[in-house]
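Visitor: Here it is, the structure in full.
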Amino acid sequence: MGSTGLDGTWGGMRGGVSAQVIVVGASVIGFFWRDEYLAVTETQFAIDGRSLSFRFNGGKATLTCDRERSARLDVSEGGKILNLNLQRD
0 MGSTGLDGTW GGMRGGVSAQ VIVVGASVIG FFWRDEYLAV TETQFAIDGR
50 SLSFRFNGGK ATLTCDRERS ARLDVSEGGK ILNLNLQRD
């Protein structure tokens, strides 16, 4: 998986919480969390190309690719960590 292995739109829902992450190259150009799009800062792409970490107002998240069309989103906010399975659209 190259540096663009996460390119695309990833989305999923767990327990009424929905998320969408839109990745182009090594940047997150869109992040929907719970009920709104949030600004993303401090994006860091892993050297192996399998994960991308970023911060947003109130927390931080890491998108990790499991397979070509599935990934896990780990979100830390307010001392809690929520994990969602996402699929590439």
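If you count the sequence shown from 1, position 20 lands on 19 in numbering that gives the first Met the number 0, and the numbers rise without skipping. Beta carbons are placed, not taken as given, at the ideal position from N, Cα and C, and that holds for glycine.
(1) Please name the residue or residues paired with LEU51 in a DSSP beta bridge.
(2) Under the three-state reduction of DSSP, which class applies to ASP73: helix, strand or coil?
(3) Less than 8 Å between the C-beta atoms of SER69 and ASN56, yes or no?
(4) Expressed to the nearest angstrom, what Euclidean distance is found between the alpha-carbon atoms of VAL74 and ARG49?
(5) Could you work out which residue in LEU72, GLU76, ALA25 is closest to ILE46 when comparing CA atoms only?
(6) Compute the Euclidean distance between the alpha carbons of ARG54 and LEU72, then round it to the nearest angstrom.
(7) Pick from PHE44, VAL16, ASP65: whose alpha carbon is nearest that of ARG87?
(8) Measure the CB-CB distance between LEU5 and VAL22 and report whether it falls below 8 Å.
Guide: To lay it out plainly:
(1) Looking at the DSSP output, LEU51 bridges to PHE44, LEU62.
(2) Here ASP73 sits in strand by DSSP.
(3) In this structure, ASN56 does not lie closer than 8 Å to SER69 by Cβ.
(4) Approximately 16 Å, taken between the alpha carbons.
(5) Proximity to ILE46 across LEU72, GLU76, ALA25 peaks at ALA25, based on C-alpha coordinates.
(6) Between ARG54 and LEU72, the alpha-carbon positions lie close to 13 Å from each other.
(7) Ranking the options by Cα distance to ARG87, first place goes to ASP65.
(8) Yes, these two residues count as a Cβ contact at 8 Å.
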